[in-house]
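Below: the structure, in structure tokens.
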Amino acid sequence: YTDETRSGRIKSNCPREIGRVRDEDRTYELGPGETHAFHFDLEPTLGSANYEIVASDEECDRIPISWNGELAEPDCFLSVSSLTFEAEVGGTNSQSFTIENTGNVTIDLDLQFREPNDCAVFELLSGEGETRLAPGSELRVRVRYTPDVVGSTVCHLIPLVDGSASCGFVTLLGTATE
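Quick note on numbering: this note's numbering labels position 82 of the sequence shown as 82, and the sequence is numbered without any gaps.
Next comes the structure, spelled out in structure tokens:
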């Protein structure tokens with residue numbers, strides 16, 4: 001969901017004055033056929049495109065308005081579901097992937113490492129920090145694996161979109177040899 005400010009005009013179809021129309025804590029008289037410009041905050045929900053402004057009159061108690069904008073639909077696509085790294089202890093291996101904003105609104109993106117294992121052997125070389133990603137654009141993410149002991153480790157890199165893990169995650173598989 002997104003908060004959006006919409007502008008427009010309402011017109012009274014009532015045969016008489018409908019009383020008061022409230023707009024940002026102000027009240028207006030609206031006579032038959034009169035119009036009034038308005039601004040209001042809208043939180044559109046999926047499938048909803050019609051809203052009403054409630055007026056204070058029994059005969060014409062609701063003024064229907066239509067909203068024909070697009071619903072905000074944040075969405076993203078990960079170019080990979082996993083990356084496999086191999087390196088000698090003390091060495092490094094770096095790989096990249098992209099995150100594409102396939103939705104119709106700008107998203108706030110924050111990459112975070114999550115267990116199941118210790119993720120300290122993985123480091124973001126690019127794509128770190130919070131990033132705003134416009135619709136249709138991509139972010140290239142580069143990850144470096146630097147093992148300090150022999151063995152395998154698994155870590156998840158989760159792109160949080162507007163605070164949630166709606167993109168899924170990239171599994172990072174690291175194998176260290178001598």
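Ideal placement from N, C-alpha and C gives every residue a C-beta, glycine not left out.
Bridge partner(s) assigned by DSSP for Gly-151: As a first step, residue 151 is located in the sequence shown; it is residue number 151 there, counting from the start. Its beta-bridge partners are Ala-176.
Of the listed residues Ala-120, Cys-167, Ile-158, nearest to Thr-146 (C-alpha basis): Counted from its first residue, the sequence shown places residue 146 at position 146. Cα-wise, what sits closest to Thr-146 is Ala-120.
Helix, strand or coil at Pro-74 [DSSP, three-state]: Taking the first residue of the sequence shown as position 1, residue 74 is located at position 74. If DSSP states are grouped into helix, strand and coil, Pro-74 belongs with coil.
Residues near Glu-123 by beta carbon distance below 6 angstroms, same chain, minus five either side: Taking the sequence shown and counting its residues from 1, one reaches residue 123 at position 123. The answer, listed in chain order, is Arg-144.
Rounded Cβ spacing between Arg-179 and Leu-125 (contact assumed at less than 8 angstroms): The requested residue 179 does not occur in the structure, where the chain is confined to residues 1 to 178.
Limits of the beta strand (DSSP E) - the one that Asp-110 falls within: Start at 1 with the first residue of the sequence shown, and residue 110 comes out as number 110. Here the beta strand (DSSP E) through Asp-110 covers 107-114.
Residues near Ile-107 by beta carbon distance below 7 angstroms, same chain, minus five either side: Your numbering for residue 107 matches position 107 in the sequence shown. Cβ neighbours of Ile-107 beyond the five flanking positions: Pro-74, Cys-76, Asn-101, Leu-133, Val-161, Asp-162.
Cα-Cα separation between Glu-138 and Val-150, rounded to whole angstroms: Numbered from its first residue, the sequence shown carries residue 138 at position 138. Numbered from its first residue, the sequence shown carries residue 150 at position 150. Glu-138 and Val-150: Cα-Cα distance of roughly 35 angstroms.
Three-state class that DSSP yields for Ala-87 in the structure shown: Along the sequence shown, read from residue 1 onward, the residue named residue 87 stands at position 87. Of the three classes helix, strand and coil, the one that applies to Ala-87 here is strand, per DSSP.
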